[in-house]
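S.K.: My questions will all concern the structure given below.
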Ligand SMILES: [Zn+2]
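In my numbering, the protein residues as written are 7 to 460.
So, in structure tokens, the structure goes:
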């Protein structure tokens with residue numbers, strides 16, 4: 007190799023993000039503008055938001071053919087591609103979602119769909135979930151395109167349009183783009199700041215529990231309430247719910263929860279810290295039970311099922327003809343939905359009950375903690391906060407990643423948002439994000455994307 011080529015390749019390898027600061031203004035503008043699109047379920051605004059993102063990408067130099075909007079009912083998906091030089095390597099996918107959870111302006115201090123900048127925060131529905139990271143990804147790819155960046159691996163930004171509700175767009179995207187090397191999801195993981203705004207840790211989300219709803223129902227012929235019978239469906243339901251409450255699924259651990267429990271143990275300390283450490287190492291049932299008594303830990307220890315809704319009877323003076331309840335389960339990765347259903351039926355121990363699975367839950371196992379991904383994320387986070395712990399995590403909620411993992415695409419939640427615990431208002435009132443982190447967030451995305459597409 008001639009000397010100039012050695013120098014050139016060294017220069018390329020040491021590609022230092024330079025766009026980030028310049029693009030911060032763009033990212034902030036994109037975030038604020040996107041909040042103004044009321045992309046709630048049924049409002050038909052997602053395609054308009056997609057068209058807005060597409061216009062930003064085209065202005066940065068994306069060819070028309072490389073930005074694709076696909077309508078799906080009242081919503082849509084977007085796919086934007088930076089083509090890689092080597093067609094033999096599989097693409098890197100980035101994903102986020104354009105839709106938001108409904109918000110009633112009457113409940114909010116500020117109009118949820120009018121972006122407001124105040125006290126260093128941007129307020130609005132979707133400011134955090136998920137328009138923050140979507141804006142960061144759009145601005146990052148726009149910056150890279152403007153710099154005429156040429157990756158070896160294709161990079162494809164995917165935006166879903168009903169992640170918060172039906173997830174039909176999520177399923178469609180996973181089906182179309184299943185032949186990918188890996189996926190980075192802006193809607194998962196992320197950084198935690200303490201009250202003073204100092205970094206505490208960064209979570210790299212590599213697994214999600216499976217979401218499943220079951221309905222348990224009892225029926226009877228009913229009759230006059232003056233002549234009670236022993237078959238009253240309400241009493242049978244009450245007994246069944248009592249048994250479900252008392253039932254505990256077996257404690258489980260995987261690579262993710264073991265690592266994250268060990269790291270949290272040091273941070274939390276005390277009795278809980280000791281129990282976490284022992285449980286992570288193979289532990290005894292007592293530790294699992296102790297941790298399960300704490301709502302903040304139980305989701306990491308085992309599958310959980312809880313009664314969330316109930317409906318029974320038709321008149322105050324009639325014996326009920328039916329009684330039913332919804333049981334919501336968060337299933338440990340890798341455990342089939344049918345296994346949980348069978349275990350629930352066994353716990354209920356009443357052959358007169360019907361137990362049905364609602365909708366079509368999709369299970370997925372955790373993604374392996376790939377060295378290349380972990381290294382890239384660690385480096386990108388270290389550039390913002392040197393020495394900060396990057397903790398692998400399993401979340402109890404479901405995101406688009408679920409469908410990609412089910413298709414065999416390793417998927418990682420790597421949000422660029424760092425926020426204080428008390429500032430987390432995703433899905434809630436007065437959702438907001440700090441403005442100060444935007445430049446560093448762009449830098450984090452650019453480092454992760456460039457490292458994983460070499
Ligand atoms: Zn989300």
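We treat Cβ as the ideally placed atom computed from N, Cα and C, and that holds for glycine.
(1) Let me confirm a value: residue 335 is counted as buried when at least 16 other C-beta atoms fall within 10 Å, else exposed. Which label applies?
(2) Which residues does DSSP list as the beta-bridge partners of residue 99?
(3) Should residue 219 and residue 45 be called a contact, given that it needs their Cβ atoms to be closer than 7 Å?
(4) Counting beta carbon pairs with one atom in the region 418 to 425 and one in the region 205 to 212, are three or more of them shorter than 8 Å?
(5) Does any residue of chain C have a CB that is nearer than 7 Å to the CB of residue 58?
(6) For a test of your reading of the model: does the CB of residue 429 fall under 6 Å from any non-hydrogen atom of ligand 1? Yes or no.
(7) Can you tell me the Cα-Cα spacing of residue 242 and residue 346, whole angstroms?
(8) Within 10 angstroms of its Cβ, does residue 136 collect 16 or more other Cβ (buried), or is it exposed?
(9) Check whether the region 97 to 109 and the region 444 to 459 are in contact - that is, three or more C-beta pairs closer than 8 Å.
(10) Where in the region 188 to 247 do unbroken runs of the alpha helix (DSSP H), each at least 4 residues long, occur, reported from the N-terminal end onward?
(11) For ligand 1, I want to know if residue 191 counts as a neighbour, meaning its beta carbon is within less than 6 Å of at least one of the ligand's heavy atoms.
(12) Just to check, is the beta-carbon of residue 436 closer than 6 Å to a non-hydrogen atom of ligand 1?
(13) Quick check: residue 5 and residue 403, are their CB atoms within less than 7 Å of each other?
(14) What's the C-alpha gap between residue 171 and residue 327?
(15) Under a Cβ-count criterion, where at least 16 other Cβ atoms within 10 Å of its own Cβ denotes burial, should residue 360 be classed as buried or exposed?
(16) In whole angstroms, what is the alpha-carbon distance linking residue 60 and residue 80?
(17) Specify, as a first and last residue, the run of the beta strand (DSSP E) that residue 417 falls within.
(18) With C-beta atoms as the reference, is residue 412 less than 7 Å away from residue 368?
(19) Report buried or exposed for residue 266, applying the criterion of at least 16 other Cβ atoms within 10 angstroms of its Cβ.
(20) According to DSSP, simplified to helix, strand and coil, what is residue 44?
(21) Residue 315 lies in the beta strand (DSSP E); which residues open and close that run?
(22) Grouping DSSP H, G and I as helix and E and B as strand, with all else coil, what is residue 20?
(23) Is residue 232 buried or exposed, if buried means 16 or more other CB atoms sit within 10 Å of its CB?
(24) In chain order, what residues of the same chain lie with their CB nearer than 7 Å to the CB of residue 16, ignoring the 5 residues before and after it?
(25) In three-state DSSP terms, what is residue 175?
(26) Nearest-angstrom Cα distance between residue 173 and residue 408?
(27) Relative to the C-alpha of residue 263, which residue among 246, 322, 339 and 320 is closest?
(28) Could you tell me the boundaries of the beta strand (DSSP E) in which residue 306 lies?
(29) Can you look up residue 250 in the DSSP assignment and give me helix, strand or coil?
(30) Shorter than 6 Å, the distance from the beta carbon of residue 136 to the closest heavy atom of ligand 1, or not?
(31) To which residues of the same chain is residue 364 closer than 7 Å at the C-beta, ignoring the five residues directly before and after it?
(32) Answer yes or no: do residue 67 and residue 156 have a C-beta to C-beta separation smaller than 7 Å?
(33) For residue 105 and residue 161, what's the separation of their Cα atoms in angstroms?
(34) Count the other CB atoms within 10 Å of the CB of residue 239; is the residue buried (16 or more) or exposed (fewer)?
(35) Under the three-state reduction of DSSP, which class applies to residue 120: helix, strand or coil?
(36) Could you check the C-alpha separation between residue 276 and residue 256 for me, to the nearest Å?
M.R.: Let me lay it out:
(1) buried
(2) 162 and 189
(3) no
(4) yes
(5) No chain C is part of this structure, which consists of one protein chain only.
(6) no
(7) 21 Å
(8) buried
(9) yes
(10) none
(11) no
(12) no
(13) Given that the chain is displayed from residue 7 to residue 460, the structure contains no residue 5 and the question cannot be resolved.
(14) 32 Å
(15) exposed
(16) 18 Å
(17) 417 to 419
(18) yes
(19) buried
(20) coil
(21) 310 to 318
(22) With a pLDDT of 44 at residue 20, under the threshold of 50, the modelled position of that residue is not reliable, and no figure is offered here.
(23) exposed
(24) Low confidence applies to residue 16: its pLDDT is 43, below 50, so where it sits in the model is not reliable enough to give any reading.
(25) helix
(26) 10 Å
(27) 339
(28) Taken as a continuous stretch (DSSP letters only), residue 306 belongs to no beta strand (DSSP E), being part of the alpha helix (DSSP H) at 301 to 307.
(29) helix
(30) yes
(31) 219, 220 and 221
(32) no
(33) 22 Å
(34) buried
(35) coil
(36) 25 Å
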